[in-house]
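Protein chains in written order, with my numbering: chain A, 867 to 1196; chain B, 198 to 515.
Everything below concerns the one structure shown next.
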Amino acid sequence: MTPLLSVRDLRTWFDEEGRTVKAVDGVGFDVQRGETLGIVGESGSGKSVMSLSIMRLIPSPPGRIVSGQIIFDGHELLALDHDSMRRIRGRRVAMIFQDPMTSLNPFMRVAAQIEEVTRLHLRHSKADARAHAIAMLERVGIPDARRRADDYPHQFSGGMRQRVMIAIALACGPDLLIADEPTTALDVTIQAQILELIRASRAATGSAVILITHDLGIVAGMTDRVVVMYAGTVFETASTPELFARPGNPYTQGLLHSVPNPAAEPGAPLYQIPGSPPDVAHLPPGCPFAPRCSRAADVCRQQFPPFVELAPGHHSLCHFAHDVYDGRSA
Amino acid sequence: MRTETRPTAAADEPIQGTSLWSDAWKRVRRNRAAVASLAVVAAMVAASLIGPPIIEVSTGYTYDLIPTDRALVRSFAPFRGPGGSWSALHPMGTDIAGRDLLARVLLGGRISLMVGLISTLVSLVLGTAYGATAGYLGGRADEVLMRIVDVLYAIPYMMIVIVLLAFFGSRSPLAQLVLLFVALGSVSWLTMARIVRGQVISLKNQEFVLAARANGVRPVAVIARHLVPNALGPVIVYATLTIPSVMLLEAFLSFLGLGVQAPLASWGSLAADGVQTIAVFPWQLLCPGITMAVTLLALNFLGDGLRDAFDPRGRRSP
């Protein structure tokens, strides 16, 4: 079956003050229909730039998509004209942003913000759009939706606003939902509700989801497959159970180690990957993770690592991928 | 408080959506100073519209009627007739030519308010559209559009106006008036364009704008529905400041003899006339001057109230 979305060798660079920041540099992955793909990585690993590239919303200048293919349902998105791309945004690919406090227009009533999208894409009449907006608000769990439809965003709490964002994103029944850290700005209890809502919506509509996060717990609970990003490239991709059980990349291992273990001795130090994420404007010539990697050998510092297939659907960007996968120490 | 006792029939009816405007109106009504100012402005507009015909019917005076009786061609103080006797004929007195000052002040109100309103409307429409487009497009388009504004700024606006009026000025006072509107309108939108552009630039990087674009909203709709309403606060405040400033500019031009010409009158030209006789007939300056001051003050309070009303996030007076 052809994937719903297929990203190949995507490179999005930013020209800043004479230097080039390669925020996304050679990313590739597939999203199948109806599946949830998790994209994990530290801050600055290029997750958000990657998702904005898919939507073709990279501010240009300074940003530009240098090369690559983004094939969505048979369409090469990078070749579409502005109008065709606009008809895909919100209609077939929708996006939820990180901060619900700032991603709703403070001057529009919440229902109006849903109506705007459906009137645009589904050609709803005013009355239809209104009824649909209220139905969507009910679906995302806004209590007393009929009355609250005419509230302004500032009258809603953070979690409720994120529900409204989800209602907007799902209003046109998109095939793909890109959720860029949808719960990072929320309380833990609200996080669980929002994730449950995304899960339920996916189950109800069969839309595929790209869930961008840095929380491995969310990845474990929500996703079918995972893409691990580091320094603008894909370091590892595997099915979620496989990735957690048998990672094939030292960076993934480091990430998994970094998750606090509730069963650990109180006072035991928390593990952290030494060093900090690299400046993507000044990457070392070899593996970008080499300076922080405990296994790094000379070859890592000199040559960019190969993207090795470890098992069907399981790839890792590492000179020693097989050793890591098979559990052999350096 | 509404509770579950609402009838179910009502719940099935579509609820009428209310707009930003009706909501803002509700908040304006809660602001006493704004309501009072609105009443003053409305009264002034009404008086200048229906006042002159009423005066004409009741006293026979119009703004340009100079009495044929030579004894009446002189300045009477308010409520004073010939010989210093009490008279309700001229509540604001008369000017040196014996014309009824109230009729002239009301006609002046018509012209002054119209000059202020039309120029501000031009600056609102042109300036907002221009500035928002420049700010939203950014990059080279913004560069070019704003350099044009800079060039227009660099030419002293007074010179533009004077050249326009001197070049195309005709004998007819009415044609002169139209030219005045064009001239003032063409210079008053520059600052508005800059203000709106600045607002839009700071707004367009906010997430809700990105979210709107990610939902496929058209650029024109992004500007009109998402950017401009959020920039409305400063725009309204600046617009209310434009009205008095344009009215003052008009007064200055009228003073120079380039603006409104007799027998037409504006508050500016009436005040200019009054200044010449201030030592002898002070009411000829005070009547138009106070009328103008009260109107401008009311416009300022109204603008203040509107600014509060258009910001749903708060700054609500208790």
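Each residue gets a CB set at the ideal place from its N, CA and C atoms; glycine is no exception.
Nothing here was measured: the structure is a model prediction, and the numbers come from that model.
DSSP, read as helix, strand or coil, puts G1120(A) in helix. Contact of V414(B) with chain A by beta-carbon distance below 7 Å involves E982 and L986.
One finds A411 and N412 in chain B with Cβ atoms closer than 8 Å to the Cβ of A960(A), taken in chain order. DSSP places T902(A) in the strand class (E or B) of the three-state scheme. Across the segment 423-438 of chain B, CB contacts with chain A closer than 7 Å involve H423, P426 and N427, in sequence order along the chain. Note on geometry: alpha-carbon atoms of L298(B) and T291(B) lie some 5 Å from one another.
The segment 1034-1052 of chain A makes contact with the segment 985-999 of chain A, as at least three CB pairs between them are under 8 Å. In this structure, the beta-carbon distance from D881(A) to P925(A) does not fall below 8 Å. Assigned with DSSP and collapsed to three states, H998(A) falls in helix. Distance from the CA atom of A448(B) to the CA atom of E253(B), rounded to whole angstroms, is 26 Å. In this structure, DSSP gives T1099(A) an extended state, which the three-state scheme calls strand.
Across the segment 457-475 of chain B, no CB contact with chain A closer than 9 Å is found for any residue.
Interface annotation for the segment 387-413 of chain B against chain A: N402, Q403, E404, F405, V406, L407, A408, A409, R410, A411, N412 and G413, criterion Cβ-Cβ distance under 9 Å.
With its beta carbon less than 8 Å from one in chain A, G336(B) belongs to the interface.
Restricting attention to V360(B), V319(B) and L362(B), the CA atom closest to the CA of T388(B) is found in V319(B).
Per DSSP, the continuous beta strand (DSSP E) segment holding S933(A) begins and ends at G929 to F938. A distance below 8 Å between beta-carbons, with the five flanking residues on each side excluded, links L876(A) to the following residues of its chain, in chain order: V890, G892, V893, G894, M916, S919, I931, S933, G934, Q935 and I936. Nearest to V897(A) by alpha-carbon distance, out of L1136(A), S1142(A) and T1089(A), is T1089(A). Taking C-beta atoms under 8 Å as the contact rule, F1186(A) and R1158(A) fail to qualify, at a distance of about 15 Å. The three-state reading of DSSP puts A476(B) in coil, since its state is none of H, G, I, E or B. For S917(A), the enclosing alpha helix (DSSP H) covers residues K913 to I920. Counting C-beta pairs closer than 8 Å gives three or more between the segment 961-970 of chain A and the segment 1018-1027 of chain A, which meets the contact rule. About 6 Å separates the CB atoms of F963(A) and D1046(A); that is less than 8 Å, so the two are in contact. Runs of the alpha helix (DSSP H) lying entirely within the segment 372-439 of chain B and spanning at least 4 residues, in chain order: 404-411.
Its Cα nearest to that of Q1028(A), the residue I1064(A) stands out among R1013(A), I905(A), L923(A) and I1064(A). At a cut-off of 8 Å between beta-carbon atoms, T1049(A) makes no contact with chain B. Residues S316 and V319 of the same chain have their beta carbon placed closer than 6 Å to that of G382(B), with the five preceding and five following residues left out of the count. The CB of S1023(A) never comes closer than 8 Å to any CB in chain B; the least such distance is about 15 Å. If you look at G332(B), you'll find it in the alpha helix (DSSP H) that goes T325 to L334.
Contact between Y260(B) and R229(B) is ruled out by a C-beta separation of about 35 Å, above the 8 Å threshold. Chain B places no beta carbon closer than 8 Å to that of N1115(A), leaving this residue out of the contacts.
Around the beta carbon of H1148(A), a 10 Å sphere encloses fewer than 16 other beta carbons of the protein chains shown; the residue is thus reported as exposed. Shortest Cα-Cα distance from V976(A) to any of I1000(A), G900(A), P1151(A) and L1176(A) involves I1000(A).
Straight-line measurement puts the Cα of A1111(A) at about 14 Å from the Cα of H1181(A). Counting along the chain, the unbroken alpha helix (DSSP H) around F364(B) starts and ends at Y354 to F365.
Among the residues facing chain B, L970(A) is included, as its CB has a counterpart in that chain under 8 Å away.
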